[in-house]
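One structure below.
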Amino acid sequence: MIIAGIKDKLQALSFASKMDGEEKPTTYDYKGVEVSTTTNNAFAVLDDFIVVAPVPALVEKIIDTEQGAPSLQDQGIEPQFSLDQPFIQAFIPSYANLMTLATAEQGAQGLSPQLQASLSMISNIGYALDFEDNQIQIQGTMDIDPAAISKQQPTMFTSTAIKKLPADTLMMVNMDLSRFNQGWSAMVEASQEIPESKRVFDGIRNLVKRFTGLNLEEDLVNWMDEEFALAIIPSSKPLVPQFPISGNFLVGTSKPAEATKSLTKLDSFIQKSVRPNMVNKSQTKVDGKDITQWDTFQKQTVFSYGWLDKNTLLTSIGDSVGNTAIGKGQSLDQNPKFKELASQFPQKNFGYFYWNLADSVKLIPPAQLQLSTPGQQSFIQSLDAALTTSFFLDDDTIEYNSIITLSPPESQN
5 MIIAGIKDKL
15 QALSFASKMD
25 GEEKPTTYDY
35 KGVEVSTTTN
45 NAFAVLDDFI
55 VVAPVPALVE
65 KIIDTEQGAP
75 SLQDQGIEPQ
85 FSLDQPFIQA
95 FIPSYANLMT
105 LATAEQGAQG
115 LSPQLQASLS
125 MISNIGYALD
135 FEDNQIQIQG
145 TMDIDPAAIS
155 KQQPTMFTST
165 AIKKLPADTL
175 MMVNMDLSRF
185 NQGWSAMVEA
195 SQEIPESKRV
205 FDGIRNLVKR
215 FTGLNLEEDL
225 VNWMDEEFAL
235 AIIPSSKPLV
245 PQFPISGNFL
255 VGTSKPAEAT
265 KSLTKLDSFI
275 QKSVRPNMVN
285 KSQTKVDGKD
295 ITQWDTFQKQ
305 TVFSYGWLDK
315 NTLLTSIGDS
325 VGNTAIGKGQ
335 SLDQNPKFKE
345 LASQFPQKNF
355 GYFYWNLADS
365 VKLIPPAQLQ
375 LSTPGQQSFI
385 QSLDAALTTS
395 FFLDDDTIEY
405 NSIITLSPPE
415 SQN
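In the working numbering, the protein residues as written are 5 to 417.
Set out below in structure tokens:
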């Protein structure tokens, strides 16, 4: 159903009556309120609102509520947004029941028991959109069944990656992998009952084996058990000059010896897979850190890695970690854009997605940007930075926030 605020009762009724073309609505009285019906719709005016629904029973239910029957607000489950005046709000007060109805309608063959259990732990979901102070913010809340939290145990953490990645990082996403091994095993087990999912996991394993020579579970998942971060960082010596960036992976581990074994296997695979003299392995030191890198005969680094400390491995594709992340001065947590956005939320959270939009746009070739319309160019150049994070607001509520900041018009010139 739709409930909309109105200024002119007659115009609202005229509009609603024309929703089924030229069909003339019939009317009847329900508890002192005139309800109009057509073949496909029913509608009524309540003070400064019009109610439109596909069947009269829904309109009657709204009339009952307006006249004193229990309302959604009476249940005390409406979301509590911290935004001052949200432009749009959306709320699903009984998410688990909605999913049950949806899967019953479509058949639940495609849902594993694990997925059904995950869906059932969500009580309700709310979202709000706000525009203010040169920023766009989307905020969401999700109420979780307290009994399910102890079983699922989502983990929040305080990032150390943001202190190890450079301040000029263009994009970064991080997460805690302390339960990744356990979660991965559960997903793999669940996929065995769903052919499509099983093919996806088998495909991932085959890709990893084909391009790295590593066993996904034994050589990677096994030792990835602390913080993980994927970062795009500007590169002074990129593999592809048109794209002066490199892809960097930062992985924390409590099993550095296992990680070192995997790196040795990877080095051996690269050595055997390429033609002689196409790439060469070399060792160097940057800022006191030992770096291993694979360079082409043109001295372009294809892949490199180094240990930032005894438990933190940093790898780079497309450049040397010595050029992109080590010895570059300030860290990401000191970047003014990141600092301003992250300061609005708790440091302990489920991870960040950060994107320095303004600096990323500068890397777009001018010729490519000229292909856009003036309006598109103006919008692209107005983008400053974006950050997304989520965290427990209280014992049984998760809050999600996504913010995009915009540059003031005068700073775009």
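Glycine included, each C-beta is placed from N, C-alpha and C at the ideal position.
Remember, predicted model here, so these are calculated numbers, not experimental data.
Buried/exposed call for residue i, threshold 16 Cβ in 10 Å
i	result
glutamine 196	exposed
tyrosine 32	exposed
proline 369	exposed
serine 258	exposed
lysine 341	buried
asparagine 211	Looking at the sequence provided, one finds leucine at residue 211 rather than asparagine. By the 10 Å Cβ count, leucine 211 comes out exposed.
alanine 141	Checking the sequence shown, residue 141 turns out to be glutamine, not alanine. Glutamine 141 comes out buried.
alanine 73	exposed
serine 266	buried
valine 487	Outside the displayed span of the chain (5 to 417) sits residue 487, for which this structure offers no information.
valine 39	buried
serine 18	exposed
methionine 125	buried
alanine 261	exposed
glycine 114	Caution is warranted here: a pLDDT of 49 is assigned to glycine 114, below 50, making its placement in the model unreliable, and no coordinate value can be reported.
methionine 5	exposed
Residue i: CB within 6 angstroms of a non-hydrogen atom of the ligand NAP
i	result
isoleucine 142	The ligand NAP is not among the ligands present in this structure, which contains no ligands whatsoever.
Residue i - partner residues in DSSP beta bridges
i	result
threonine 30	Thr41
asparagine 252	Ala235, Ser320
asparagine 405	Gln143, Thr393
glutamate 136	Gln139
serine 286	Gln297
leucine 410	Leu387
glutamine 304	Beta-bridge pairing links glutamine 304 to no other residue.
glycine 292	Paired residues: none, contrary to the question.
glutamine 93	Ala132
valine 56	Ile6, Phe47
phenylalanine 357	Val177, Thr392
tyrosine 309	Thr296, Thr319
isoleucine 148	Ile126
Backbone secondary structure at residue i - three-state DSSP
i	result
lysine 352	strand
valine 212	helix
glutamine 246	coil
asparagine 185	helix
methionine 179	strand
glycine 114	For glycine 114, the predicted structure reports a pLDDT of 49, less than 50, and the residue's modelled location is therefore unreliable. The matter cannot be settled from this model.
phenylalanine 342	helix
proline 170	strand
glycine 333	coil
phenylalanine 161	strand
aspartate 398	strand
serine 376	coil
lysine 269	helix
glutamine 196	coil
glycine 36	coil
phenylalanine 205	helix
lysine 11	coil
glutamine 71	coil
glutamate 221	helix
isoleucine 81	coil
threonine 257	coil
proline 280	coil
glutamate 262	helix
glycine 326	helix
Backbone CA spacing between residue i and residue j [nearest angstrom]
i	j	result
glutamine 372	aspartate 363	16 angstroms
glutamine 15	glutamine 77	30 angstroms
phenylalanine 95	aspartate 388	29 angstroms
aspartate 52	aspartate 229	57 angstroms
lysine 241	asparagine 327	7 angstroms
valine 255	asparagine 138	35 angstroms
isoleucine 236	leucine 174	6 angstroms
glycine 36	leucine 105	34 angstroms
glycine 130	leucine 361	27 angstroms
asparagine 405	threonine 392	6 angstroms
lysine 11	glutamate 27	25 angstroms
serine 411	serine 376	19 angstroms
serine 394	asparagine 178	12 angstroms
arginine 183	valine 225	11 angstroms
aspartate 337	valine 59	55 angstroms
alanine 112	alanine 151	For alanine 112, the predicted structure reports a pLDDT of 49, less than 50, and the residue's modelled location is therefore unreliable. A value from the coordinates is still provided. Rounded to whole angstroms, alanine 112 to alanine 151 spans 24 angstroms at the Cα level.
valine 55	glutamate 70	11 angstroms
(message) Under 8 angstroms, with one C-beta from each stretch per pair, do the stretch 318–336 and the stretch 367–384 reach the 3-pair mark?
(response) Here the stretch 318–336 does not lie against the stretch 367–384, with fewer than 3 beta-carbon pairs under 8 angstroms apart.
(request) Report yes or no: do three or more beta-carbon pairs, one from the stretch 136–147 and one from the stretch 394–404, lie closer than 8 angstroms? (result) The stretch 136–147 vs the stretch 394–404: in contact.
(request) May I ask you to verify whether the stretch 339–352 touches the stretch 162–175, counting CB pairs closer than 8 angstroms and requiring at least 3? (result) Judged by pairs of C-beta atoms under 8 angstroms, the stretch 339–352 touches the stretch 162–175, as three or more such pairs exist.
(request) Mind the definition here: the stretch 200–212 touches the stretch 278–297 only if three or more C-beta pairs lie below 8 angstroms; say whether that holds. (result) With a cut-off of 8 angstroms, the stretch 278–297 and the stretch 200–212 do not count as touching, because too few Cβ pairs lie within range.
(message) Three Cβ pairs or more, each shorter than 8 angstroms: is that satisfied between the stretch 79–91 and the stretch 51–71?
(response) Three or more beta-carbon pairs separated by less than 8 angstroms are not found between the stretch 79–91 and the stretch 51–71, which leaves the two stretches without contact.
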